[in-house]
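What follows is a set of notes on a single structure, which appears directly below.
Next comes the structure, spelled out in structure tokens:
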């Protein structure tokens, strides 16, 4: 009877049931982690849910052996949901806000990203590190943290361990920058505006920029976020350039496909930026987009955290940490010098 019932089930229904059974355990675990991260952020607004989520993933995977049934859903979150989160990130950008920074500061932001990437690649070459690992760290530290790592990973042949290492370094060094930039701003006697621009131009994650800008105070937060979002916008051309380079070099993915000239999620990101900049969206829509972006990226960070084995991180050696320190120092220095130059006189 049961065999006849199964045979009589429409193929689409069988497929849908199979997909649900495959991904539900992992996605359910990710959802619980996102809920916890959101609750922590609610009570401690300075703590990013993305950081909480990745820390939860790291702690959980190193304390217990996760059931094999959760693996497909966790992998889906760390790849597909992350890219979908990047798409919704575009709703946070408005061209007019970025243009209000003025040409000199926009030129500085381009120098921060370009100088950070090329300088980090040079340091990685001197350290004789694997080029793909260097590129992930360079883009993560120069553009927008974990989202940039994911964006670059999508158009290169990076290994999972390299992605996890780059994200872990973004979390570690970006978190250290939260108290450092406000402290240095005070010691150097910088105005809140300059301190905010410095924070936005140098700190890796948007959430980390928000935390540092809030500590600086005096209007620093607003300008810090705008500068940071201008850096985020450069993810699109950088990813497109890297994808084009991969095509020129004849790279194909494991399924035999060549990378697109412009990745689909980058096109989605740009479409959201254009939508936000040209259409007067209701506040509720913008808020919903922000919530979706945070939830999706938090789920992705939890998924990436579940891939961080402390033992494996120890085995990667000291070179990635040296490169991360050098990249942070370089980006921070370019941001400070450029910001001061634009405000002379």
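Numbering (the numbering used here), first residue to last: 195 to 539.
By construction, the Cβ of each residue, glycine as well, lies at the ideal position given by its N, Cα and C atoms.
Small disclaimer: the values here were computed from a predicted structure and weren't measured.
Asked: Where residue 236 falls: helix, strand or coil (DSSP); Found: helix
Asked: Check whether residue 315 and residue 424 have beta carbons under 8 Å apart; Found: no
Asked: Inter-stretch contact at 8 Å, needing at least 3 Cβ pairs: the region 357-377 / the region 458-476; Found: no
Asked: Residue 327 in three-state terms, based on DSSP; Found: helix
Asked: At least 3 beta-carbon pairs within less than 8 Å: the region 263-273 vs the region 217-229; Found: yes
Asked: Cβ shell of residue 528 (< 7 Å), same chain only, five flanking positions each side left out; Found: 305, 306, 309 and 310
Asked: Proximity below 8 Å, CB of residue 389 to CB of residue 414; Found: yes
Asked: Contact set for residue 344: own chain, Cβ-Cβ below 6 Å, skip 5 residues either direction; Found: 276
Asked: Through-space distance from residue 426 to residue 256, alpha-carbon basis; Found: 32 Å
Asked: Rounded distance between the beta-carbons of residue 499 and residue 250, thought under 8 Å; Found: 6 Å
Asked: Separation of residue 348 from residue 361, as counted between CA atoms; Found: 14 Å
Asked: Residue from 300, 312 and 242 with nearest C-alpha to residue 328; Found: 312
Asked: First through last residue of the alpha helix (DSSP H) which encompasses residue 286; Found: No alpha helix (DSSP H) contains residue 286, which DSSP labels as neither H nor E.
Asked: Where residue 509 sits in the DSSP three-state scheme; Found: helix
Asked: Residue from 378, 471 and 280 whose Cα sits closest to the Cα of residue 293; Found: 471
Asked: Classification of residue 364 by the beta-carbon crowding that lies within 10 angstroms, buried from 16 upward; Found: buried
Asked: Coil, strand or helix - residue 462 by DSSP; Found: helix
Asked: Counted within 10 angstroms of its Cβ, other Cβ atoms place residue 259 as buried (16 or more) or exposed; Found: exposed
Asked: Contact under 8 Å by Cβ, residue 422 with residue 403; Found: yes
Asked: Contact set for residue 200: own chain, Cβ-Cβ below 6 Å, skip 5 residues either direction; Found: The predicted position of residue 200 is uncertain, since its pLDDT is 46 and thus under 50; no value can be drawn from it.
Asked: C-alpha gap between residue 485 and residue 506, whole angstroms; Found: 33 Å
Asked: Residue 214 versus residue 268 - alpha carbon distance; Found: 13 Å
Asked: Short Cβ contact (8 Å threshold) for residue 333 with residue 340; Found: no
Asked: Residue from 352, 265, 535 and 244 whose Cα sits closest to the Cα of residue 400; Found: 244
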